[in-house]
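*Asks:* Quick one: the structure is below, and I'll ask about it shortly.
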Amino acid sequence: MGTTHLAYEPLTESSAAAFASQLGIFEEGAILASNEIGDGNLNLVFRITDKQTGKSIILKQALPYAKVVGESWPLTLQRAKIESEALKIFGKMCPDLVPAVYFSDEQMAITAMEDLSSLSIARTGFIQGKTYPLLSSHLGQYLAKTLFYTSDYGLGTDKKRLLVKEFTNPELCKITEDLIFTDPFFDSATNSFEEELRSEVKKIWSDEELKFHASLLKKSFLTETEALLHGDLHTGSIFASENETKVIDPEFAFYGPAGFDIGQVFANLAFQVIVNEKDRDTFLGHIGTTWTTFVAEFTTLWKTENKEIHSIGEQLLSFNLQKFFTDALGFAGCEMIRRTIGLAHVADLDTVEDKLRRIETKKQAISIGKMLIKDREEIKTISDFLSVLHEFVG
Ligand code: SR1
Ligand code: MG
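Numbering-wise (the numbering used here), the sequence shown opens with residue 4 and increments by one.
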């Protein structure tokens, strides 16, 4: 394989094909087609296909800046290594729910992985009317396994400390800190929203109780190291089909509060509860199943694979599960607000064509977000949460 020790340069479609041909994945002399298919905020993504056999892989390469803004927002390439290492770790815990990694190169900031083209990005599928019946039980399993096996309880404290060091991820954590916990709560230049929402947004900026609670959640994000998180687990980071679910893109991975990943899943499913009247109950069901599956699997792992033999017990398990739930609600609230008025929006809301309806759905997202942040301690159970969501959307 002649690909190691190359100096970094952004790939083009033709250099990506040339790169892929040297990885030992395709037959020698195979004619490869290469297409850049990336639609995310940060990276280049190429699909490389052997024209004769149809065999294909994905080559993902980090750019030295945030693609969503341009070269004026420089970023190091370190996130490519974080992503490939996190994929390998999560893939060992949930091989069926994470794409296989074939190759990674730190210098070129490249990861070669399984092509999931037979699946769709869950958010895109939802907007097209798909509901993916197994998605939430798969996500509950994924969350339980990744959050348990990377915690002090699943990994042991010494190994966990080492992994915390490996996954500090300062640059991408700073993006999350700013875009989720800071900028939406102030008049920041990064915010972006329709003029019709200005009065709602000003209420956010002047709500001292809300800002206090958002800063408590930010403190938890900044200081807690409960588990290795995906760090960006929205429905654009999930591939789905009727039978399969694959969680991709863990470049924001870091050690943080377990409720953060769970909260992002809740929030991004809640966008469909708001916009998708026809399948509202299905998406409420998905939120419920994500949580109940998570609790069942996490409880089993806690009881059967816990390394903290001197401190485990039912009481600590219940305490932890309740904390994860309360945190998840608060983080979901922050995610809902930032995806509505912050820098990186979601298509679930932005593609509502009728403007009046779009503004209404965004107002609902803001109201639910505020309520989750401020009242998270009052919502004790998953059925409380689903009832409250149901009331808000009428
Ligand atoms: C500059 S990156 C903007 C957003 O895209 C990523 O997917 C993360 O969600 C980040 O907050
Ligand atoms: Mg991403």
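Note that beta-carbon positions come from the ideal geometry of N, C-alpha and C, so glycine has one too.
With a threshold of 6 Å (Cβ to nearest heavy atom), would D99 be considered close to the ligand MG?
*Replies:* no
*Asks:* Determine, using beta carbons only, whether Q275 and F129 come nearer to each other than 7 Å.
*Replies:* yes
*Asks:* Would you report the Cα separation of F196 and T293, rounded to the nearest angstrom?
*Replies:* 30 Å
*Asks:* Does any heavy atom of the ligand MG sit closer than 6 Å to the C-beta of D351?
*Replies:* D351 Cβ: outside cutoff for every heavy atom of the ligand MG.
*Asks:* To the nearest whole angstrom, what separates the beta carbons of I382 and L332, a pair I think is in contact under 8 Å?
*Replies:* 6 Å
*Asks:* Please go through the same chain and pick out, in chain order, the residues whose beta-carbon is closer than 8 Å to the beta-carbon of E16, but skip the five residues on each side of it.
*Replies:* S37, N38, E39, F49
*Asks:* Under the DSSP definition of a beta bridge, which residues are partnered with L35?
*Replies:* D53
*Asks:* Taking only runs of the alpha helix (DSSP H) that begin and end inside the segment 357-394, which ones reach a length of at least 4 residues, in chain order?
*Replies:* 358-378
*Asks:* Let me know if V101 comes out buried or exposed under the rule of 16 or more other beta-carbons within 10 Å of its beta-carbon.
*Replies:* buried
*Asks:* Check K249 in the structure and name its three-state DSSP category.
*Replies:* strand
*Asks:* Between the alpha carbons of L236 and A261, how many angstroms are there, rounded?
*Replies:* 12 Å
*Asks:* Going by DSSP, what residue range makes up the alpha helix (DSSP H) through T15?
*Replies:* For T15, no alpha helix (DSSP H) encloses it, and the DSSP letter there is neither H nor E.
*Asks:* On the CB-based measure, 16 or more other CB atoms within 10 Å of its CB, does G5 come out buried or exposed?
*Replies:* At G5 the pLDDT is 48, less than 50, meaning the model places this residue with poor confidence and gives no usable figure here.
*Asks:* Helix, strand or coil, according to DSSP, for G5 in the structure here?
*Replies:* Low confidence applies here, because G5 scores a pLDDT of 48, under 50, leaving its location unreliable; read the following figure in that light. G5: coil per DSSP, three-state reduction.
*Asks:* So, for T364: in the same chain, excluding its five sequence neighbours on each side, which residues have a beta-carbon less than 8 Å away from its beta-carbon?
*Replies:* I277, V278, L352, V355
*Asks:* Considering only the beta carbon of each residue, do A270 and E338 sit closer than 7 Å?
*Replies:* yes
*Asks:* Locate the alpha helix (DSSP H) running through K306, then write down its first and last residues.
*Replies:* 283-308
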